[in-house]
Structures are given as C-alpha cells and as structure tokens.
Amino acid sequence: MIMYLRLVALFLFTSYATANVASIITKCTDEDTKCLKDFTQKLIPLFAEGDPSMKIDPIDPIFVKSINASSPNLKLVLNDISLTGLKGCVVKKAKRDLQKNKILFKLMCSVNLEGQYVMDGRLLILPINGNGRNHVSLGKAAEEVIKDNGNEIIQEVGEPIIEYIIGKVVDCMRQFYAAVPAEELIQN
Numbered sequence: 001m002i003m004y005l006r007l008v009a010l011f012l013f014t015s016y017a018t019a020n021v022a023s024i025i026t027k028c029t030d031e032d033t034k035c036l037k038d039f040t041q042k043l044i045p046l047f048a049e050g051d052p053s054m055k056i057d058p059i060d061p062i063f064v065k066s067i068n069a070s071s072p073n074l075k076l077v078l079n080d081i082s083l084t085g086l087k088g089c090v091v092k093k094a095k096r097d098l099q100k101n102k103i104l105f106k107l108m109c110s111v112n113l114e115g116q117y118v119m120d121g122r123l124l125i126l127p128i129n130g131n132g133r134n135h136v137s138l139g140k141a142a143e144e145v146i147k148d149n150g151n152e153i154i155q156e157v158g159e160p161i162i163e164y165i166i167g168k169v170v171d172c173m174r175q176f177y178a179a180v181p182a183e184e185l186i187q188n
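The sequence shown begins at 1 in the UniProt record's numbering and counts up one residue at a time.
Below you can see the structure in the form of structure tokens.
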C-alpha cells in the first residue's frame with residue numbers, strides 16, 4: 001500500500017511539474033525580443049524555486065560554503081554564505097543568437113548576502129583586517145555608487161561574487177534547455 005501511494009504521489013508530482021512548466025512555455029519567433037523577454041521573465045520563479053523534474057536546483061536562496069573575493073592587496077574570504085533575492089530579478093533585455101545557439105539576456109537583481117568574512121590586507125594605503133558576520137545588499141543603489149565612484153577595490157572584490165551568481169543562473173538555463181526541446185520554444 002505504501003509503495004502504491006508513493007508511485008501515485010510521484011506520478012502526480014511529475015504530472016503537476018510538467019503541466020506547470022508547459023503553462024509557462026511560450027513559442028517566440030527569432031525576431032520577437034519582447035516575447036523572449038517576457039518568456040525569460042516567466043522562468044525566474046521556476047529557477048528560484050527549482051524543479052526536480054527538470055533537475056533545476058533552486059537559486060533563491062543559494063547556500064555557498066566559500067567564495068574567495070581576494071584582490072592582490074586584500075584577502076577577502078566569505079564563508080557559509082546565504083544569497084537571496086534572485087527571485088525578484090527583472091529581465092531588461094533578451095535576444096536569441098541562432099548562429100551561436102545562445103540566448104543573451106540582461107537582468108537587474110537586488111541580492112542580499114549574509115555569512116561570515118575574513119579580511120586581511122590593505123585598502124588603498126591603510127592596513128585592514130577583521131572577521132565576523134556580514135550582510136551585504138547588492139542592488140541598484142550599490143551598483144550606482146560603484147559606477148559613480150569608480151571604486152576599483154569594490155569592483156575587484158565584488159567580481160567573484162557576481163561571477164558566482166551568474167554561473168548559477170547560467171546553470172539553471174542549461175538545465176532548463178536540456179529538459180525542454182528547442183522546437184517547443186521556437187515559432188517558425
């Protein structure tokens with residue numbers, strides 16, 4: 001009886017997950033960037049929650065054991081990190097490059113990072129060291145401060161964190177496109 005219930009539950013879950021994914025799939029022509037942008041926006045909640053039937057790991061939250069964000073003058077290691085906020089990303093642009101078999105998109109996200117840090121080195125000419133809990137919000141305001149001030153140090157130590165997040169989003173996209181045939185997405 002227990003085995004039967006497990007099989008029924010698995011069938012229902014798989015049917016629900018497949019129906020849920022099918023409900024968001026939109027066929028877009030190659031030239032219709034608005035359609036592609038809207039479709040990509042619909043994928044964000046799927047990626048945030050994950051989808052075991054498609055082997056998509058959740059990306060909100062993301063738990064990371066360690067990120068080394070060190071620069072030549074400053075050792076900065078973040079440990080036991082929780083990244084949240086990716087479910088609120090907004091797709092700004094999306095386009096398909098059929099020749100390279102790629103989809104290019106630009107996202108705007110506000111991400112919160114919490115965990116532990118260890119820092120040792122020099123910030124400009126000042127020696128700096130410390131360790132403890134950290135909470136960082138990477139959003140539009142932070143992006144503008146970095147851009148306006150041209151703060152190379154923030155850009156340098158922030159790059160590994162941003163690259164990690166981008167890598168996770170790209171992994172989700174690969175998992176999705178491995179599970180959904182291209183002909184289900186392209187309208188001729």
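Glycine residues also receive a C-beta, built at the ideal position from the N, C-alpha and C atoms. Treat the numbers as computed from the prediction; the structure is a model and nothing was measured.
>> So, does the segment 61 to 68 touch the segment 96 to 109, judging by three or more C-beta pairs under 8 Å?
In response: no
> What residue does the beta strand (DSSP E) around residue 26 start on, and which one ends it?
Replying inline: Counting along the chain, residue 26 falls outside any beta strand (DSSP E), and DSSP gives it neither H nor E.
> Given residue 130, which residues of its chain have a CB within under 7 Å of its CB, disregarding the five upstream and five downstream residues?
Replying inline: 119
> Exposed or buried, which one is residue 48 when buried takes at least 16 other CB atoms within 10 Å?
Replying inline: buried
> Going by other Cβ atoms of all chains shown within 10 Å of its Cβ, with 16 needed for buried, is residue 2 buried or exposed?
Replying inline: Its pLDDT being 35, under 50, residue 2 is placed unreliably in this model, and the value from its coordinates should be taken loosely. Answer is exposed; the Cβ neighbour count stays below 16.
> Considering residue 87, what are the terminal residues of the alpha helix (DSSP H) in which it resides?
Replying inline: That residue, residue 87, is in no alpha helix (DSSP H); it is neither H nor E in DSSP.
> Does the Cβ of residue 67 lie closer than 6 Å to at least one heavy atom of the ligand ZN?
Replying inline: By its list of ligands, the structure shown contains no ligand whatsoever, and the ligand ZN lies outside what it can speak to.
> Going by other Cβ atoms of all chains shown within 10 Å of its Cβ, with 16 needed for buried, is residue 27 buried or exposed?
Replying inline: Here residue 27 is exposed. Its C-beta has fewer than 16 other C-beta atoms within 10 Å.
> Taking the beta strand (DSSP E) that residue 125 falls in, what are its first and last residues?
Replying inline: Premise fails: residue 125 is in no beta strand (DSSP E) and is neither H nor E.
>> Pairs of beta-carbons, one from the segment 158 to 171 and one from the segment 66 to 80, closer than 8 Å: are there three or more?
In response: Contact between the segment 158 to 171 and the segment 66 to 80 is present, because at least three Cβ pairs lie under 8 Å.
> How many angstroms separate the CA atom of residue 113 from the CA atom of residue 91?
Replying inline: 21 Å
>> Just list the residues that DSSP pairs residue 108 with in beta bridges.
In response: 90
> How many Å lie between residue 57 and residue 38 at the Cα?
Replying inline: 22 Å
> Less than 7 Å separating the beta-carbons of residue 80 and residue 132?
Replying inline: no
> Does DSSP put residue 64 in a helix, in a strand, or in coil?
Replying inline: strand
> Near residue 128, which residues of its chain fall below 8 Å by C-beta distance, leaving aside the five closest residues on each side in sequence?
Replying inline: Only 74, 119, 120, 121, 122 meet the Cβ criterion.
>> Going by DSSP, what residue range makes up the alpha helix (DSSP H) through residue 43?
In response: 33 to 49
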